[in-house]
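Below: one structure, written as structure tokens.
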Amino acid sequence: MKVAIVHDWLVNYGGAERVVEELLKIFPEAEIYTLVYNKKKMASHFPPEKIHTSFVQKIPFSSKLYTKLLSLMPKAFESFDFSDYDLIISSSSSCAKGIITPTSSTYIAYIHSPMRYAWDLYFDYFKRSGFLTRFFMKRQMPKIRQWDFISSQRIDYIIANSSYISRRIKKFWGRDSQVIYPPVDTKRLGWNGKASEDFYVVFSRFVSYKRIDLAISACGELGKKLVVIGSGSQEKELKKLASKYHNSEIKFTGRISDEEVKDYLQRCKALIFCAEEDFGIIPVEAQACGRPVIAFKKGGALETVKENVTGIFFEEQETQSVVNAVKKFEELYDKNAFSPQAICEHAQNFSSEKFQNNIKQLVSKVQKQN
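Numbering (this note's numbering), first residue to last: 420 to 789.
So this is what it looks like as structure tokens:
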């Protein structure tokens, strides 16, 4: 069986790229098709000899400017020829799912999300964009939405990365989907058997929708220790916010290695997670380390965090809501409400092994039907 894997772009390594990596473990002989590829950053994960890029790769600085080239993406993915393949699996939150496949092949799409900037987050992106971007958004998005819907009808079988995304797929595309949670490397993590230390962790890219500011302001007001892991466009703004709180210790680590992240997660009292995510791998990683999560009660966190067992929720993306949640958490924590062993066991529901088994079962089922 000849297999192709299609992904939006391979320029940085993150949660979506982990899915591609696990698919490659299931189908080691598969070829990978993508819009653009950054060899310097991604060769250790995805060998250059397996990669097929679109014509966009030839555009100067395309691996940095690819997000500005949305108008070219439909044509780029439709230009790939899959005539020789029996099975094609795409991994997409943008345009990769819009490929054209022959009727003789089976096409499965793993959807991280329908295009957020085209559908329910359009107005949020629009408000935060500059004049030039707004100008093109107004003119391009109606056509992009039409193409997005039409191309979604080409898929034979759709996998959603969470029930939350499954509902969005139904709303925007009118398609049913099967939920298979993305892979988390739970084997690499694990509880170290030690008691937690008196600090909280927030771990994320520093972008506005992650709402790291809420964790900083809540811990600042409560005088709690907080370790802020990551980097991004909001770094100066977040450090300025943290500097206002002299009664608490807020430490910024910058980008650190996986082992250093693991060490913080294993030692912390809890992870604070303030974003509304499609799935959210970081809360699962914290739980795989035996540590509970204080999470915003929306999105994928509702499927990965068990309330009062592996963590608690706060209702609003407001500082006071997070403050109240931290207070409630500490009351439960003092009563030994959170068992590291139980939290670790729960995290196994999202392991890489479970992901691989679920994908294999689906492909086997599809092949029998065909």
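C-beta: ideal position from N, C-alpha, C; glycine also.
The structure presented is a predicted model; accordingly, all values stated were derived computationally and were not measured.
Pairing Ile530 with Ala462 gives a Cβ-Cβ distance that is not under 7 Å. Short of 7 Å from the beta carbon of Pro711, and not among the five residues preceding or following it, lie these beta carbons of its own chain, in chain order: Ala689, Thr729, Gly730, Phe757, Ile762. At a cut-off of 3 residues, the continuous stretches assigned as beta strand (DSSP E) that sit fully inside the region 597-639 are 619-622. According to DSSP, residue pairing for Val712 in a beta bridge involves Leu690, Gly730. Assignment of beta-bridge partners to Tyr529 by DSSP yields Ser510, Ile578.
Beyond the five residues adjoining it in sequence on each side, Ser615 comes within less than 7 Å, by CB distance, of Arg686, Cys687, Lys688, Arg710 in the same chain, given in chain order. For Thr738, the enclosing alpha helix (DSSP H) has its first and last residue at 738-753.
When only Cα atoms are considered, Ile470 and Glu734 end up about 44 Å apart.
In the DSSP secondary-structure assignment, Glu450 is bridged to Ala423. Three or more pairs of CB atoms, one per stretch, sit closer than 8 Å, so the region 665-680 contacts the region 641-655.
Taking all protein chains shown into account, Leu484 has fewer than 16 neighbouring C-beta atoms within 10 Å of its C-beta and is therefore exposed.
About 5 Å separates the Cβ atoms of Lys717 and Glu695, confirming a contact at the 8 Å cut-off.
Here Leu442 is actually not in contact with Glu436; their C-beta atoms are around 10 Å apart, not less than 8 Å. Taking the Cβ atoms as the reference, Val703 lies roughly 5 Å from Thr723, within the contact range of under 8 Å. Looking at the DSSP output, Tyr456 sits in a beta bridge with Leu429. Nearest to Asp543 by alpha-carbon distance, out of Ala528, Ser627, Leu489, Ser511, is Ser627. Annotation for Phe671: the continuous beta strand (DSSP E) segment containing it runs 669-673.
The beta carbons of Asp427 and Ser513 sit closer together than 7 Å. Annotation: the continuous alpha helix (DSSP H) that includes His765 extends over 759-766. Contact between Ser623 and Ile675 fails: their C-beta atoms lie close to 13 Å from each other, not under 8 Å. Membership of Ile470 in the beta strand (DSSP E) is indicated by the continuous run 470-472. When DSSP reads this structure, Ser481 sits in no beta bridge, so it has no partner. Scanning its chain for C-beta atoms nearer than 6 Å, with the 5 sequence neighbours on each side dropped, one finds around Glu654 the residues Phe625, in chain order. Contact annotation, Asp697 with Ile584: C-beta distance approximately 5 Å; criterion of less than 8 Å satisfied. Between Val475 and Pro561, the alpha-carbon positions lie close to 22 Å from each other.
Under DSSP, Val646 shares a beta bridge with Val620, Lys670. Leaving aside the five residues that flank Arg607 on each side, the residues in its chain whose CB is nearer than 8 Å to its CB run, in chain order, Asp677, Lys681.
Ser771 sits in a helix when the DSSP states are folded into three classes.
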